[in-house]
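Going by numbering that gives the first Met the number 0, the letters in the sequence shown line up with residues 0 to 71, in that order. Just so you know, even glycine gets a beta-carbon here, dropped at the ideal spot from N, CA and C. Okay, so here's the structure we're looking at.
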Amino acid sequence: MKTKNIFWGIVEAGLWYLFAVYFFYSLQNPTDIWTTALVLLVLGYLATWTCPLIRNSGAWKNTFSKKESFTS
């Protein structure tokens, strides 16, 4: 396993930890539902984006490759 993958795995775990902590905090304390939803959505997207398994998948590489252009 590459050091880069280990680093991104640790970052991903930290983001999911923050997601869980904020989720349980919002259940216990009165918070604005829209702000809570935005924070959880951003944390979820960032955690998914940093996942080494997803970043090294073929679908991820095809999504961000510059081989095809959708403009005519």
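Residue range of the alpha helix (DSSP H) that residue i falls in?
| i | result |
| --- | --- |
| lysine 60 | 57-62 |
| threonine 29 | Checking the sequence shown, residue 29 turns out to be proline, not threonine. That residue, proline 29, is in no alpha helix (DSSP H); it is neither H nor E in DSSP. |
With a 10 Å radius around its C-beta and 16 neighbouring C-beta atoms as the bar for buried, classify residue i as buried or exposed.
| i | result |
| --- | --- |
| alanine 46 | buried |
| threonine 62 | exposed |
| leucine 40 | exposed |
| leucine 42 | buried |
| threonine 49 | buried |
Cα separation between residue i and residue j?
| i | j | result |
| --- | --- | --- |
| tryptophan 7 | lysine 1 | 10 Å |
Apart from the five residues just before and just after residue i, which ones in its own chain have a Cβ nearer than 6 Å to its Cβ?
| i | result |
| --- | --- |
| asparagine 4 | Pro51 |
| serine 25 | Thr35 |
Could you check how far apart the C-beta atoms of residue i and residue j are, in whole angstroms? I think they sit under 8 Å.
| i | j | result |
| --- | --- | --- |
| valine 38 | tyrosine 21 | 6 Å |
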